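A short worksheet on the structure shown next.
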């Protein structure tokens, strides 16, 4: 993966909530499609939910040990939360 603009995840929290949610769902689905999978498959969506849960636990642990700031924790948890939302949204 390169650092070209097409590979940058959009994290503009200032935009309207519905729009940013839609964009993040698209970004998560694009990432999974690049790996030959889709969040429309229940097994794939379930694996994303498990990964989000695990990574959220790690982020909280890093915050508790002082490895990251509260702002970093909140930002990472927000981003991970969009993954859980994407997994749920693609199952509708």
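Residue numbers (the working numbering): 53 to 144.
C-beta atoms are modelled at their ideal positions from N, C-alpha and C, and glycine is treated no differently.
Please read these numbers as outputs of a predicted model, since none were measured by experiment.
Distance CB(residue i)-CB(residue j) smaller than 7 angstroms
i: residue 77; j: residue 141; result: yes
i: residue 69; j: residue 104; result: no
i: residue 84; j: residue 90; result: yes
i: residue 97; j: residue 143; result: yes
Residue burial classification, residue i (beta-carbon count within 10 angstroms, cutoff 16)
i: residue 59; result: Annotation note: pLDDT 49 at residue 59 (below 50); position unreliable, coordinate value reported separately. Label assigned to residue 59: exposed.
i: residue 110; result: exposed
Spatial distance of residue i from residue j (CA atoms)
i: residue 112; j: residue 131; result: 14 angstroms
i: residue 80; j: residue 138; result: 7 angstroms
i: residue 125; j: residue 106; result: 14 angstroms
i: residue 75; j: residue 116; result: 31 angstroms
i: residue 95; j: residue 102; result: 11 angstroms
i: residue 73; j: residue 120; result: 25 angstroms
Simplified DSSP assignment, three categories, for residue i
i: residue 110; result: helix
i: residue 72; result: helix
i: residue 85; result: helix
i: residue 92; result: coil
i: residue 119; result: coil
i: residue 143; result: coil
Other residues of its chain near residue i: CB distance less than 6 angstroms, five sequence neighbours each side excluded
i: residue 128; result: 111
i: residue 118; result: none
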